[in-house]
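S.K.:
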Amino acid sequence: MVYLHTQIEIAAPPGKVREVLLDFSQMPSWLNGGPGIRNVQVKDPAKTGTAIEAGDVLITHIDKTMFEPVVLVNDSSELKWRGSIPYIFTGDHSFQFKKSETNEGGTTFVNEENFLGALSFLMLQWVMGASAKKSFEALNGDLKRRVEGLVEEGK
């Protein structure tokens, strides 16, 4: 198993951070083209990001690769999905929205993934892990700028 973990402090309540992240239709407008996630859609066009449930399928574009992870958890504190090539490579990706212990009224946003399977070693720091971590950090920074910008605008 390989575990990648990133987090960032965002000056907005957890509910606001979650609302922005799960508004998948707006995601391309605030992602700055760094490595990693480019776009997320709910496979069922009748559902929105905030309405997805365990078992729902997403369509996720990461760099030039498209995959269809299955939602494991979607509640007020976490969105978690699993992307998998069974027995070869599985990634459980988690976005967590925690009340900040250092920034009153703010959020500690956690972006992490556990990799399992025969090829999970590829996500070690010295193979592909460093670039994956950079992509997590890029999303974190983009999300922070978007959420804090909306708060400044009073939205």
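Here this note's numbering is used: the first residue of the sequence shown is -13, the next is one more, and so on. Beta carbons are placed, not taken as given, at the ideal position from N, Cα and C, and that holds for glycine.
1) Which word fits Arg131, buried or exposed, when buried means at least 16 other C-beta atoms lie within 10 angstroms of its C-beta?
2) So, do the region 101 to 108 and the region 84 to 91 have three or more beta carbon pairs nearer to each other than 8 angstroms?
3) At which residue ranges does the region 9 to 46 contain complete beta strand (DSSP E) runs of 3 or more residues, listed in the order of the chain?
4) Taking the straight line between their C-alpha atoms, what separation do you get for Val43 and Val28?
5) By the DSSP assignment, the beta strand (DSSP E) with Asp61 in it spans what residues?
6) Using the three-state DSSP reduction, which class does Asn89 fall into: helix, strand or coil?
M.R.: In short:
1) exposed
2) no
3) 23 to 28
4) 6 angstroms
5) Val56 to Asp61
6) coil
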